[in-house]
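Trainee: Residue numbers (the working numbering), protein chains in the order written: chain A, 1 to 211; chain B, 212 to 422.
A virtual CB, placed ideally from N, CA and C, is assigned to each residue, including glycine.
First, the structure itself, so that you have it in front of you.
2 protein chains.
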Amino acid sequence: MENMSLREKKKIETKNRIFEVSGKLFKEKGFENTTIDEITKEAGIAKGTFFNYFPTKESLVFYFAEQKADLIYDLTENETIDHLHTKEKIKKFLVALAESYEKDKDLTRSLFFEYGRYIKNPRNAPDKNRNPHSRLIKTILDLLEEGIEKREVKVSIDARIAAEVLNAVYFHTLVVWLKSDSELSFSRDISAKIDLLFGGIGDEYNVGYRS
Amino acid sequence: MENMSLREKKKIETKNRIFEVSGKLFKEKGFENTTIDEITKEAGIAKGTFFNYFPTKESLVFYFAEQKADLIYDLTENETIDHLHTKEKIKKFLVALAESYEKDKDLTRSLFFEYGRYIKNPRNAPDKNRNPHSRLIKTILDLLEEGIEKREVKVSIDARIAAEVLNAVYFHTLVVWLKSDSELSFSRDISAKIDLLFGGIGDEYNVGYRS
DNA sequence: TTTTAAATATGACCATGGTCATTGATGACC
DNA sequence: GGTCATCAATGACCATGGTCATATTTAAAA
């Protein structure tokens, strides 16, 4: 921070200012109702400058997501849940994550909107390792592998696939919940689904079928 | 069709023309690269007229999705798969659905984009019962309930939750596949995940944990 | 047939996200 | 401290999705 050129310092400062002003305006009026013009005016920069820092308006959303995620991911290292069964650990983690999103539904909606968008247009995609999606999968994967060691998870499963499935269910449940406007159901919903995933759908007593 | 007023006939004709021209242009240049101006010009109508028929450009995508889905859903009534195990039936159905989307990847990407969008803005949402998402869940649900009767699926599970989980996994796998640009992996991927879902993640031999 | 009311079509207009040639600030080098 | 190449800031400009007051067409009433 000290041995930085004036240019570098200014750059960081400008980016931060854009970020702060955006956050403030999004909270006040929502993501959709905030225009680039407003952001740049409030930040005291020209419109074009914004696009020197963020390729699109939507790409801003990722930065919020990342920031929020940072607060949550510590949970996995939290010792108070260390004694729990793998299933409960995963549940706790996903519910906590969802609850943090719950606080800013509008921005969260925009995140999923943008998630869809960057499928089509990788230009907006953030750094692969930083992106919330990859991090979530990785965290679940770690928990599962730990669970396999403890024999709380089937040794025979492919942990990577299982992580993707859990992630899919989490993601989808969140989408449904965002759509439904009912604030209450999410944790119950995700819990029931995780139970189902751990127990399986198929009837193991039905010997009439194999593989 | 005969006892229709001139007005009604024209309306239907115009809507169909918009639909056909859109499809043609989307195939030629992709959804994003086709403008409303082009569509209306090619269809011989004014720009405003378009919005008398479709509230947004994106809402068009749903009509394509519906149309495509109609071709696929007959599969569930297809007698050639009637003898299969519930798991295989579901697999076959989801793979077939995905393969039909595979043929028009650009439009499919736009569909998922729009899926995200209408979470935020219900204005674009199509009729609830017609929408591909609801239909998919309902179809899976039917298959599962049939499977419960045949004891190929655990009696104890909530079929509705299981259907949502399967749907989530399907949806998510499709998204990942759309993103990855690898044409080959989808059916393998979804098959592995369905296997996992039927078998379960938890280790049933680990008696040290219950519920 | 003429009048009237309602449905539909129209395109000028607007808002806003995004671009880019130009201008200005910075710092490496002499 | 002056020169110049590089990097960043700027805002006029553009493209495009979407709106709306007005004009036109149709159906019904008189």
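Assign A:A46 to one of two classes, buried (16 or more other C-beta atoms within 10 Å of its C-beta) or exposed (fewer than that).
Mentor: With fewer than 16 other Cβ atoms within 10 Å, it is exposed.
Trainee: Per DSSP, B:G259 is paired with what?
Mentor: B:G259 is not bridged to any residue.
Trainee: Give the residues of chain B in contact with A:I140, contact being defined as C-beta atoms less than 7 Å apart.
Mentor: None at all; the shortest Cβ gap to chain B is about 11 Å.
Trainee: If we count the other Cβ atoms within 10 Å of its Cβ and call it buried at 16 or more, is B:K240 buried or exposed?
Mentor: Flag for B:K240 reads exposed.
Trainee: Once the 5 residues before and after B:L347 are set aside, which same chain residues still bring their CB inside 7 Å of it?
Mentor: Same-chain partners within the cutoff: N378.
Trainee: With DSSP as the reference, identify every bridge partner of B:G413, one or two as the case may be.
Mentor: Note: B:G413 sits in a beta bridge opposite A:V153.
Trainee: Please classify B:G358 as buried or exposed, where buried requires at least 16 other C-beta atoms within 10 Å of its C-beta.
Mentor: So B:G358 ends up on the buried side.
Trainee: Give me the Cα-Cα distance between A:K27 and A:N52, rounded to the nearest whole angstrom.
Mentor: A:K27 and A:N52: Cα-Cα distance of roughly 24 Å.
Trainee: In or out: A:V155 buried (at least 16 other Cβ within 10 Å) or exposed?
Mentor: When all chains shown are included, A:V155 counts as exposed.
Trainee: Contact criterion: CB-CB distance below 8 Å. Does A:A247 meet it with respect to chain B?
Mentor: Outside the displayed range of chain A (1 to 211) lies residue 247 of chain A, so it cannot be described from this structure.
Trainee: Buried or exposed: where does B:E219 fall if 16 or more other Cβ atoms within 10 Å of its Cβ makes it buried?
Mentor: By the neighbour-count rule (16 or more Cβ atoms within 10 Å), B:E219 is not buried but exposed.
Trainee: Does any CB atom of chain B fall closer than 8 Å to the CB of A:T34?
Mentor: For A:T34, the answer is no, since every Cβ of chain B falls outside 8 Å of its Cβ.
Trainee: Taking DSSP as the reference, what is the three-state secondary structure of A:K10?
Mentor: Reduced to three states, the DSSP call for A:K10 is helix.
Trainee: Can you give me the C-alpha to C-alpha distance between B:I223 and B:Y381, rounded to a whole angstrom?
Mentor: The alpha-carbon atoms of B:I223 and B:Y381 are separated by roughly 35 Å.
Trainee: Should A:L97 go down as buried or exposed, given a rule of 16 or more other Cβ atoms within 10 Å for buried?
Mentor: It is buried - the Cβ of A:L97 has at least 16 other Cβ atoms within 10 Å.
Trainee: With C-beta atoms as the reference, is A:I201 less than 8 Å away from B:I368?
Mentor: Cβ distance < 8 Å, so A:I201 and B:I368 count as in contact.
Trainee: When the distance is taken between beta carbons, is B:L354 closer than 8 Å to B:V376?
Mentor: The answer is no: Cβ separation not under 8 Å.
Trainee: With A:T40 and A:F50 assumed to form a contact (beta carbons below 8 Å), what rounded beta-carbon distance in angstroms separates them?
Mentor: That belief holds up - the Cβ atoms of A:T40 and A:F50 are roughly 5 Å apart, short of 8 Å.
Trainee: Flag A:V61 as yes if its beta-carbon sits less than 8 Å from any beta-carbon of chain B, otherwise no.
Mentor: A:V61 does not count as touching chain B.
Trainee: Can you find a CB in chain B that lies within less than 8 Å of the CB of A:L197?
Mentor: At least one chain B Cβ lies under 8 Å of A:L197.
Trainee: Can you give me the C-alpha to C-alpha distance between A:R151 and B:K298, rounded to a whole angstrom?
Mentor: So the two alpha carbons sit approximately 26 Å from each other.
Trainee: Find out if the Cβ-Cβ distance for the pair B:F230, B:Y274 is shorter than 8 Å.
Mentor: For B:F230 and B:Y274, yes; Cβs fall inside 8 Å.
Trainee: Quick one: grab the DSSP three-state call for B:P333.
Mentor: A caution first: B:P333 carries a pLDDT of 48, below 50, which makes its placement in the model too unreliable to give a value.
Trainee: So the candidates are B:D406, B:Y312 and B:E356; which of them puts its Cα closest to the Cα of B:A374?
Mentor: When only C-alpha atoms are compared, the closest one is B:E356.
Trainee: Check A:E32 in the structure and name its three-state DSSP category.
Mentor: Reduced to three states, the DSSP call for A:E32 is coil.
Trainee: From the beta carbon of A:R123, is the nearest beta carbon of chain B less than 8 Å away?
Mentor: Legend: pLDDT at A:R123 = 45, less than 50; position of this residue unreliable, value from coordinates given subsequently. Chain B contact via Cβ: absent.
Trainee: Look at the alpha carbon of A:E99 and the alpha carbon of A:K92, and state the distance between them as a whole number of angstroms.
Mentor: Each residue's Cα considered, the two are about 10 Å apart.
Trainee: Just checking: is the beta-carbon of A:T108 within a distance shorter than 8 Å of some beta-carbon in chain B?
Mentor: No, A:T108 does not count as interfacial toward chain B.
Trainee: With A:V61 and A:S187 assumed to form a contact (beta carbons below 8 Å), what rounded beta-carbon distance in angstroms separates them?
Mentor: 24 Å between Cβ atoms; not a contact.
Trainee: A:I161 versus chain B: which residues are under 7 Å apart at the beta carbon?
Mentor: Within chain B, the residues near A:I161 are A403, K404 and L407.
Trainee: Assuming B:E310 is part of the alpha helix (DSSP H), what are its boundary residues?
Mentor: T297 to E313 is the span of the alpha helix (DSSP H), which, as asked, contains B:E310.
Trainee: Name the chain B residues that come within less than 9 Å of A:A168, Cβ to Cβ?
Mentor: Under the 9 Å cutoff, chain B gives V376, A379, V380, Y381, F382, H383, T384, V386, V387 and K404.
Trainee: Can you give me the start and stop residues for the alpha helix (DSSP H) that B:S391 sits inside?
Mentor: Its alpha helix (DSSP H) spans residues A370 to S391.
Trainee: Identify whether B:E253 lies in helix, strand or coil by the three-state DSSP scheme.
Mentor: Helix, per DSSP.
Trainee: Taking a Cβ distance cut-off of 8 Å, strictly less, list which residues of the segment 294-307 of chain B are near chain A, in chain order.
Mentor: Correct list: H296 and K298.
Trainee: So which of B:N227, B:E253, B:A370 and B:S391 has the shortest CA-CA distance to B:F265?
Mentor: The candidate whose alpha carbon is nearest that of B:F265 is B:N227.
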